[in-house]
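Residue numbers (the numbering used here): 99 to 623.
This report concerns only the one structure given below.
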């Protein structure tokens, strides 16, 4: 009965037939393992020399040899083939630990999943901006630990002291850790946690099967960073605003905002200016000029603006659904909750928020430029920070000026049957939120991808709207702003002043947020 002898990992395995092979067991090819065994058994040798027992099960092979008495001097061909097949299966079970590759598409899919959940959970536009910002920041900070093209945001964002470095020698895949942190913080910020857990678990399973050592180390680090950023997030005053009193409508003042049909909802997020800003000094740093003084005198600036909204609405009504104005208004609607009343039944149609639309544009630009994982995350992070600060700035003015919407005044004083193209959202008029956010987001994206960046915007295709083409981010922001007049929900001044407010704020974010050593880090396009 032959004996089985195993070589050490670092010894050479030499045979006349197969030459010299150096290294760990996983570096031996299956064919070499099997042919060597077959050759040894066929020749009736007394010793079988194989790689480490980690590759072959020593006990099972010896048991098989003893139980079948397959050796005397020559092994029969039939039993030789049987043992050959057994050892082939043993070799097949050896699985290499391979590098984990995380693609930009997986990051896009994660962001898309968060958007999908936010639509399902019906988050207001300001709250949605917060949900985008924190996970992006956590993931970006991890990437900045490993990629010299990007700088940490520690000391740049308000009260943010940065994150811990990974343990020395830990086998970290920084893209995996970034995705883990992003998914974990996103899960904490939404309601439908199971939806994101299902997506997360599918990635976890794939990564663990590929390389459990690296995956587990990276996962631990990602969760650690999520906890650290989560602690900073808890101090942004969001939780405190949940217990503040709801907005009180001043029904005696004809200049002040009133709830609008069909749902007549309360004013959304009246205390959003209490949320800690990210880059701007305070909520009122970019305080716009006041709106025109309220007046229903026909020669006053305010009334002319009111009448302009009415006249444009009537013109669109006459031209029908094929007019350019109505196409623009519908494309940029971005109202997360549109109430629909049919008889005694009221229900809602759900859409993305203005911030989500611009996050979608960041995705389009990243894909068009074939940006790698790190730059894609950089684009998402910078854009989401600008959007978040834009909402804080805009909402500060909305509830300060507390201006009545065009729909209310037109119904009261011009035409009680008139309806805007878009449903008026439930908060005061001045300034236009979409204008402020679009101006800020476009400025941030221009700083990354350059001016005159032409792109096809397919963000709204999922909601039954066609693709629109733009020659630059600034052109897109200007169209988004004027869409609010075409939709009948804003006066011209709220749009124009709001767009300037957003662009000024965006420029401040770009100038004061040093995310790259070279400010001209733009992909070739």
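From the three backbone atoms N, C-alpha and C, an ideal C-beta is built for every residue, glycine too.
From residue i to residue j, what distance separates their C-alpha atoms?
i, j, result
"residue 318", "residue 614", "27 Å"
"residue 213", "residue 561", "13 Å"
"residue 323", "residue 303", "21 Å"
"residue 272", "residue 607", "26 Å"
"residue 516", "residue 377", "42 Å"
"residue 585", "residue 279", "39 Å"
"residue 476", "residue 405", "44 Å"
"residue 568", "residue 540", "12 Å"
"residue 253", "residue 262", "14 Å"
"residue 311", "residue 269", "7 Å"
"residue 582", "residue 427", "7 Å"
"residue 452", "residue 536", "8 Å"
"residue 418", "residue 424", "8 Å"
"residue 469", "residue 238", "15 Å"
"residue 464", "residue 326", "28 Å"
"residue 603", "residue 241", "26 Å"
"residue 120", "residue 195", "The predicted model places residue 120 with a pLDDT of 36, which falls under 50 and marks its position as unreliable, so this point remains unresolved."
"residue 558", "residue 450", "9 Å"
"residue 375", "residue 216", "21 Å"
"residue 414", "residue 331", "45 Å"
"residue 295", "residue 281", "8 Å"
"residue 348", "residue 315", "57 Å"
"residue 580", "residue 502", "19 Å"
"residue 609", "residue 210", "29 Å"
"residue 432", "residue 267", "47 Å"
"residue 234", "residue 379", "21 Å"
"residue 162", "residue 298", "Any answer about residue 162 is weak, because its pLDDT of 40 lies below 50 and its placement is not dependable; what the coordinates show is given next. About 44 Å."
"residue 342", "residue 456", "30 Å"
"residue 523", "residue 370", "16 Å"
"residue 357", "residue 305", "50 Å"
"residue 496", "residue 246", "41 Å"
"residue 352", "residue 407", "18 Å"
"residue 605", "residue 301", "37 Å"
"residue 624", "residue 307", "The question about residue 624 has no answer here: the residues shown for the chain are numbered 99 through 623."
"residue 430", "residue 578", "6 Å"
"residue 422", "residue 232", "37 Å"
Per DSSP, which one or two residues make a beta bridge with residue i?
i, result
"residue 436", "447"
"residue 553", "568"
"residue 354", "501"
Taking residue i as the reference, give the member of the options with the closest Cα.
i, options, result
"residue 339", "347, 346, 373", "373"
"residue 565", "553, 275, 201", "553"
"residue 87", "206, 572, 609", "This structure cannot speak to residue 87, because the chain is shown only from 99 to 623."
"residue 576", "559, 334, 251, 596", "596"
"residue 435", "359, 414, 201", "359"
"residue 344", "353, 329, 368, 335", "368"
"residue 284", "253, 236, 311", "236"
"residue 412", "494, 518, 457", "518"
"residue 320", "258, 265, 433", "265"
"residue 346", "578, 215, 498", "498"
"residue 197", "274, 479, 260, 353", "274"
"residue 530", "520, 429, 493, 556", "493"
"residue 387", "598, 249, 610", "598"
"residue 550", "526, 571, 313", "571"
"residue 548", "466, 356, 247, 294", "466"
"residue 289", "247, 209, 335, 219", "219"
"residue 333", "307, 258, 277, 354", "258"
"residue 538", "521, 574, 357", "574"
"residue 448", "403, 222, 401", "222"
"residue 365", "250, 527, 337", "527"
"residue 490", "511, 532, 293", "532"
"residue 612", "484, 249, 354, 208", "249"
"residue 420", "616, 563, 385", "563"
"residue 647", "401, 276, 291", "Only positions 99 to 623 of the chain appear in this structure, which leaves residue 647 out of reach."
"residue 276", "292, 199, 525", "199"
"residue 676", "389, 329, 208, 410", "The structure shown does not extend to residue 676, since the chain is modelled only from 99 through 623, so no value can be given for it."
"residue 389", "204, 201, 500, 203", "500"
Answer yes or no: does any C-beta atom of chain D fall closer than 8 Å to that of residue i?
i, result
"residue 355", "Reference to chain D is not applicable here, since this structure consists of a single protein chain."
Query raised in the report: So does the stretch 222-233 actually touch the stretch 581-601, counting three or more Cβ pairs closer than 8 Å?
Result: no
Query raised in the report: Within the chosen definition, does the stretch 499-509 reach the stretch 388-408 through at least 3 CB pairs nearer than 8 Å?
Result: yes
**Report entry** Ranges of the beta strand (DSSP E) found wholly within the stretch 192-242, counting only runs of at least 3
**Finding:** none
Query raised in the report: Are the stretch 348-363 and the stretch 281-295 touching by the rule of at least three beta carbon pairs closer than 8 Å?
Result: no
Requested in this report: Taking only runs that begin and end inside the stretch 319-349, name each unbroken alpha helix (DSSP H) of 4 or more residues, in chain order.
Outcome: 336-339
Query raised in the report: Are there three or more Cβ pairs, one per stretch, closer than 8 Å when the stretch 455-472 is compared with the stretch 536-550?
Result: yes
Query raised in the report: What alpha helix (DSSP H) runs, 4 residues minimum, are completely inside the stretch 290-320?
Result: 291-308
Query raised in the report: Counting only runs that start and end within the stretch 470-518, where is the beta strand (DSSP E) found for 3 or more residues in a row?
Result: none
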